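This report concerns only the one structure given below.
2 protein chains.
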Amino acid sequence: MVGPEIERLMQLLSRLPGLGPRSARRVALHLVEKRETLLLPLAKALSAVGDSVKTCSVCGNFDSVDPCSICADPRRDQTILCVVEGVGSLWAMERAGVFSGRYHVLGGLLSALDGIGPDDLGLGRLRARLDGSIREVVVATPATVEGQTTAHYIADFLADCGITVSGLAHGVPVGGELDYLDDGTIGAALRARRSF
Amino acid sequence: MVGPEIERLMQLLSRLPGLGPRSARRVALHLVEKRETLLLPLAKALSAVGDSVKTCSVCGNFDSVDPCSICADPRRDQTILCVVEGVGSLWAMERAGVFSGRYHVLGGLLSALDGIGPDDLGLGRLRARLDGSIREVVVATPATVEGQTTAHYIADFLADCGITVSGLAHGVPVGGELDYLDDGTIGAALRARRSF
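Heads up: the sequence lines are chains R and L, in that order. Numbered by the UniProt record's numbering, the letters in the first sequence go through residues 1 to 196 in order. Numbered by the UniProt record's numbering, the letters in the second sequence go through residues 1 to 196 in order.
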């Protein structure tokens with residue numbers, strides 16, 4: 001009904017996160033309507049990302065240079081490494097602007113259900129980076145079962161390296177109402193309470 | 001922080017309907033992660049649409065041929081024309097699969113607020129299509145103030161052509177609960193009640 005080109009575009013758009021068949025159709029229509037100002041620039045931007053962006057061979061970040069601009073930046077703290085699940089977590093840390101060290105992207109989390117074991121996360125590659133200059137590894141995996149299992153596994157795995165392995169604190173999110181928080185978070189925040 | 005290519009991609013994605021800065025970021029990350037299976041095919045599909053899809057010079061539909069496959073289809077009823085706001089409405093009518101005539105896309109609705117007057121809708125082009133073979137025009141503009149204003153304007157505009165001008169019926173949507181319907185719709189459905 002809409003022709004094979006638009007049909008194909010809708011089908012690909014519906015595979016994007018957060019877009020179902022209906023929103024994919026709406027987006028496709030919008031793109032065809034704004035051919036010059038949106039569709040063609042987007043096609044170009046996608047090709048540019050496809051051509052230039054690669055995975056950093058040191059940390060696993062995405063960038064147009066390898067090693068990535070974070071790994072290559074001499075002003076970043078060379079003694080501390082933050083281990084994250086994926087590049088999305090790395091971006092979130094960078095947006096927060098509070099971490100000045102470098103990263104290590106796991107590319108996943110341990111998950112018995114999905115059959116992801118320690119070998120799949122390439123932890124040997126992480127260990128190989130601990131060459132003496134690094135004195136702390138902050139494991140910033142998510143506060144989910146898989147995330148915390150992975151964090152504990154990494155802490156054990158690096159136990160004999162003689163470096164500090166730490167994790168992000170659990171507690172009340174800044175701006176968070178207690179009413180809407182789950183019991184586990186409130187418990188963690190109370191146990192980790194600090195004196196003013 | 002993410003490099004100029006990914007930054008540009010995020011910025012364009014956030015201009016798509018239904019996507020804000022956060023979901024654009026999520027989509028961009030997903031695309032970079034699925035470079036071979038999603039990003040490059042999507043870039044190709046966008047270019048294909050950009051290269052091939054044009055506006056039908058007869059009805060205003062989008063298709064890779066001109067006149068579009070609906071206008072060119074000899075099996076479609078040549079005596080009835082459905083006037084729609086945009087190609088999205090045309091697609092919706094086609095999905096419903098109940099209309100066998102041809103279309104006329106206005107490309108907008110009368111709107112004093114947005115400064116869209118009769119001249120902007122190209123109603124002369126609609127009138128020029130009424131060459132004697134067409135005996136009915138169904139105005140299928142949305143049931144909004146602008147949509148109904150436009151419908152009444154078109155009915156007046158075509159009053160002296162000697163053809164039937166009709167509009168879609170208002171009533172309870174199929175599957176709709178009365179509880180959630182506004183009073184205007186219930187009133188319209190009661191006034192247009194039918195005997196079994």
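Just so you know, even glycine gets a beta-carbon here, dropped at the ideal spot from N, CA and C. Note that the structure is a prediction, hence the values are computed from the model and not measured.
Interface residue (Cβ-Cβ distance to chain L less than 8 Å): residue 167(R) is not classified as such. Nearest CB-CB separation between residue 48(L) and chain R: below the 8 Å threshold. In this structure, residue 85(R) sits away from residue 111(R), with a CB-CB distance that is not shorter than 8 Å. If you look at residue 166(L), you'll find it in the beta strand (DSSP E) that goes 164-167.
Counting the other Cβ atoms within 10 Å of the Cβ of residue 138(R) gives 16 or more, which makes it buried. Residue 62(L) reaches chain R at 2, 3, 6, 29, 32, 33, counting residues in chain order whose Cβ is nearer than 9 Å.
Nearest Cα to residue 167(L) within the set 136(L), 72(L), 63(L): 136(L). Within chain R, 43, 46, 47, 50 have C-beta atoms less than 7 Å from the C-beta of residue 43(L), given in sequence order.
A Cβ-Cβ separation of about 5 Å places residue 141(R) in contact with residue 150(R) under the 8 Å criterion. In this structure, the CA atom of residue 82(L) is about 6 Å from the CA atom of residue 104(L). Residue 111(R) carries a strand assignment under DSSP once its states are collapsed to helix, strand and coil. Taking 8 Å as the threshold, the shortest C-beta distance from residue 15(R) to chain L falls below it. With respect to residue 57(R), residue 76(R) sits apart: the two C-beta atoms are not nearer than 8 Å. Residue 146(L) does not reach chain R, its nearest Cβ partner there being about 18 Å away, counting only Cβ pairs nearer than 7 Å. Residue 93(L) and residue 61(R) have their alpha carbons spaced roughly 46 Å apart. Taking each of 63(L), 190(L), 125(L) in turn and checking the Cα distance to residue 157(L), the smallest one comes out for 125(L). At a cut-off of 8 Å between C-beta atoms, residue 23(L) counts as an interface residue with respect to chain R. In this structure, DSSP gives residue 170(L) a state outside helix and strand, which the three-state scheme calls coil. The beta carbon of residue 12(R) sits closer than 8 Å to some beta carbon of chain L.
For residue 26(R), the chain L residues whose Cβ falls inside 8 Å of its Cβ are 17, 18, 88, in order along the chain. Looking at the backbone, the Cα of residue 26(R) and that of residue 36(L) are separated by about 25 Å. The DSSP assignment places complete beta strand (DSSP E) segments of no fewer than 3 residues inside the region 61-121 of chain R at 80-84, 102-105, in order along the chain. Looking at the backbone, the Cα of residue 182(L) and that of residue 189(L) are separated by about 11 Å. Taking a beta-carbon distance threshold of 8 Å, residue 40(R) counts as an interface residue toward chain L.
Ranked by Cα distance from residue 64(R), the options 178(L), 4(L), 186(L), 133(L) are led by 4(L).
Legend: CB atoms of the UniProt domain "Toprim" (79-173) of chain R lying less than 7 Å from CB atoms of chain L belong to residues 87, 88, 91, 94.
At a cut-off of 8 Å, the C-beta of residue 58(R) has no neighbouring C-beta in chain L. When 162(R), 179(R), 8(R), 170(R) are compared, the shortest CA-CA separation from residue 194(R) is found for 170(R). Put simply, the CB of residue 178(L) is far from chain R, with every gap to its CB atoms at 8 Å or more.
Residue 31(R) and residue 39(R) do touch by the CB rule: their CB atoms are close to 4 Å apart, below 8 Å.
For the set 187(R), 130(R), 144(R), the Cα lying nearest the Cα of residue 161(R) is the one of 130(R).
For residue 66(L), same chain residues with a beta-carbon under 6 Å away, outside a window of 5 residues either side, are 54, 56, 57 in chain order.
Taking each of 50(R), 34(R), 48(R) in turn and checking the Cα distance to residue 50(L), the smallest one comes out for 34(R). Contact note: residue 9(R) reaches chain L through 45, 46, 49, using a C-beta cutoff of 7 Å and chain order. For residue 192(L) and residue 72(L), the gap between their C-alpha atoms comes out near 36 Å.
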